[in-house]
Amino acid sequence: GAVMVHAWGGGISSDVSENDNASTASRVRDMGRLLTATEIRSAQRYWHVLHGDLAINTIYPKVYRPAVVGMMWDTMCQFQTWFGSAPYLAYGIQLMPLTSVSERRDSLKWVQQMYPPFAESCNSDRNCEEQGWSILQYAMLATVGHRNLAAEKVNKLPSSVFESAGGNGHSLTNTLWYIATRPTVDEPLLLDKSSSDENIKEENLHPQYLVCECPETCTEDQLSVDARGYTCESRIRWLMEAFGKTEVGACRLVGGTEFPELCGGCDPDRCATPPPLSPVSPQQIEINKECPPCPSTVCKSEINRCPRSLLAPFLCLSGANRGGCAQTPWTVSSGGSGFCTECCRLTDECFGV
Numbered sequence: 001g002a003v004m005v006h007a008w009g010g011g012i013s014s015d016v017s018e019n020d021n022a023s024t025a026s027r028v029r030d031m032g033r034l035l036t037a038t039e040i041r042s043a044q045r046y047w048h049v050l051h052g053d054l055a056i057n058t059i060y061p062k063v064y065r066p067a068v069v070g071m072m073w074d075t076m077c078q079f080q081t082w083f084g085s086a087p088y089l090a091y092g093i094q095l096m097p098l099t100s101v102s103e104r105r106d107s108l109k110w111v112q113q114m115y116p117p118f119a120e121s122c123n124s125d126r127n128c129e130e131q132g133w134s135i136l137q138y139a140m141l142a143t144v145g146h147r148n149l150a151a152e153k154v155n156k157l158p159s160s161v162f163e164s165a166g167g168n169g170h171s172l173t174n175t176l177w178y179i180a181t182r183p184t185v186d187e188p189l190l191l192d193k194s195s196s197d198e199n200i201k202e203e204n205l206h207p208q209y210l211v212c213e214c215p216e217t218c219t220e221d222q223l224s225v226d227a228r229g230y231t232c233e234s235r236i237r238w239l240m241e242a243f244g245k246t247e248v249g250a251c252r253l254v255g256g257t258e259f260p261e262l263c264g265g266c267d268p269d270r271c272a273t274p275p276p277l278s279p280v281s282p283q284q285i286e287i288n289k290e291c292p293p294c295p296s297t298v299c300k301s302e303i304n305r306c307p308r309s310l311l312a313p314f315l316c317l318s319g320a321n322r323g324g325c326a327q328t329p330w331t332v333s334s335g336g337s338g339f340c341t342e343c344c345r346l347t348d349e350c351f352g353v
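So for the sequence shown, UniProt numbering puts the first residue at 1; every next one is plus one.
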């Protein structure tokens, strides 16, 4: 409906005849301020998640550990995006674009909590820089009290990142302006090595793989086995992320205690032979050579976070957009690099239809 905003040109007077409704410019200004304040309040309540002593007014249970919500639905929230499930994507999409109002939107206390996991995710995957998401990381680095370091890192970025998916719209000039204008922080955030070391080791540039001290048996096939609705890998990672268990501890609980027959290959005490997998028939593969129907192990795995509908049935399985859901088949790139290197198509069977 319509909203009526009055702007008294001469202020409020006791004589009603003198209260002239004037100054359309001030009405536009006030409406902008109202809408901005509403959006900022909404962002801080529903999308920015605080933990510990700061989680006084949080609406989310303690089991939700990320510091941000990537996607919001009517009855659930997800820590991912439509175009991928890497943590830096969920953090980055809630930060762009960088404008002057971002300072009001992103409270210092929230940035101090979200920066470490954001930086850890970005530093562990070279796609974060290549796709421009590191621009947002360095902007937050300046926000938590390290302006000089942030400016130094931004100046070393290749020019191509400012024209990429995560960097598009953030020119080098705009980024340096944002970094230079961050308020001084009395106590800058203490950085760990992954946040400040410029010489990131090569092995840290790729996503971490689980081995559970069983490199011969805890294979990708074993990790993808369906263990009553969730894969062995998703159960192990959930224990690590939600309860802070070590990799070995989580593997021992899943492979040795909870699902010894299904996930025993990842039990560090036994390293049992994994169960045989059901092969996908050649007829299914021929349905779509680029994105064949997803096997049940993928449908029920952690990577499948697509909505329970067939509106976006094409699931990216590997590459920079791993975990992304698309309405049309992914353009699969060969050679092991690119936005999506393998995909599959969700069918009715994936949703129990």
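Glycine included, each C-beta is placed from N, C-alpha and C at the ideal position. In this text the structure is predicted, and so the values were computed from the model without any measurement.
Rank the options by C-alpha distance to the C-alpha of residue i and give the top, closest one.
| i | options | result |
| --- | --- | --- |
| Ala139 | Ser160, Ala165, Ala272, Ser171 | Ser171 |
| Cys340 | Leu50, Glu290, Cys306, Ala25 | Glu290 |
| Leu176 | Phe162, Glu187, Arg252, Pro188 | Phe162 |
| Gly324 | Gln78, Gln44, Thr24, Asp74 | Gln78 |
| Asp106 | Cys218, Ala250, Leu141, Trp82 | Leu141 |
| Gly166 | Glu103, Ser134, Leu157, Leu149 | Ser134 |
| Gln112 | Ala151, Ser42, His48, Trp330 | His48 |
| Met96 | Ser333, Ala86, Leu136 | Leu136 |
| Phe109 | Cys271, Met76, Ile56 | At residue 109 the sequence reads Lys, which differs from the Phe that was named. Comparing Cα-Cα distances from Lys109 to each of Cys271, Met76, Ile56, the minimum goes to Ile56. |
| Ala151 | Gly264, Cys266, Thr181 | Thr181 |
| Pro307 | Tyr115, Ser164, Asp74 | Asp74 |
Among residues of its own chain, excluding the 5 on either side of residue i, which ones have a beta-carbon nearer than 6 Å to its beta-carbon?
| i | result |
| --- | --- |
| Gly319 | Gly338, Phe339, Cys340, Thr341 |
| Glu349 | none |
| Lys62 | none |
| Val185 | Gly145 |
| Val154 | Tyr138, Thr175 |
| Pro183 | none |
| Thr143 | Val111, Arg182 |
| Gly179 | One detail in the question is off: residue 179 reads as Ile in this sequence, not Gly. Ala142, Arg147, Ala150, Ala151, listed in sequence order. |
| Ile40 | Arg104, Arg105 |
| Met240 | Ala250 |
State yes or no: is the C-beta of residue i within less than 7 Å of the C-beta of residue j?
| i | j | result |
| --- | --- | --- |
| Cys232 | Leu223 | yes |
| Val254 | Arg235 | yes |
| Gly84 | Arg322 | yes |
| Asp192 | Thr297 | no |
| Val248 | Pro268 | yes |
| Cys343 | Leu317 | yes |
| Gly70 | Thr58 | no |
| Cys266 | Cys212 | yes |
| Gln94 | Val68 | yes |
Starting from the C-beta of residue i, find all residues in its chain whose C-beta is less than 7 Å away, skip the five residues before and the five after it, and write them out in chain order.
| i | result |
| --- | --- |
| Arg345 | Asn288, Cys291, Pro292, Pro293, Cys294, Pro313, Phe314 |
Run through the DSSP bridge pairs and tell me what residue i is partnered with.
| i | result |
| --- | --- |
| Glu39 | In DSSP, Glu39 forms no bridge with anything. |
| Arg252 | Note: Arg252 sits in no beta bridge, so no partner. |
I'd like the list of long-range same chain contacts for residue i, defined as Cβ closer than 8 Å, with 5 residues on each side in sequence excluded.
| i | result |
| --- | --- |
| Thr328 | Phe314 |
| Phe259 | Ala227, Arg228, Cys232, Arg235 |
Report task. Quick one: which unbroken alpha helix (DSSP H) runs of 4-plus residues sit fully inside the stretch 151-183? Chain order, please. Result -> 172-180
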